[in-house]
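Notes follow once the structure below has been shown.
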Amino acid sequence: MTSIDKQAAGLNDVQLSLLRMFNRKMSYEESVEIRDLLVKHYSDKLGDEIDLVVSEKKITNKDYDKLCNR
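Throughout, the numbering used here is defined as the position within the sequence shown, counted from one, plus 938.
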């Protein structure tokens, strides 16, 4: 696939690699397992990023309470 074809398809290199990797017959259960792995991976990354921001900005439970009581 040329660079122009990739742009036209709107897919990045990672997406294309995943399509190639999983270009085979698989059961519904397998597809759910793969989806769950990806969701967990990105959920973990998001949690790490949130922890980092909370730590850097020194956000406390008191700050969360203030937001909830607005």
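Using N, Cα and C, we set each Cβ at its ideal position, and we do this for glycine too.
Secondary structure of residue i, DSSP reduced to three states
i     : result
K996  : coil
K963  : coil
G948  : coil
R1008 : coil
Range covered by the alpha helix (DSSP H) that runs through residue i
i    : result
L957 : D951 to M959
Check: residue i C-beta below 6 Å from any heavy atom of the ligand PLP
i    : result
E967 : By its list of ligands, the structure shown contains no ligand whatsoever, and the ligand PLP lies outside what it can speak to.
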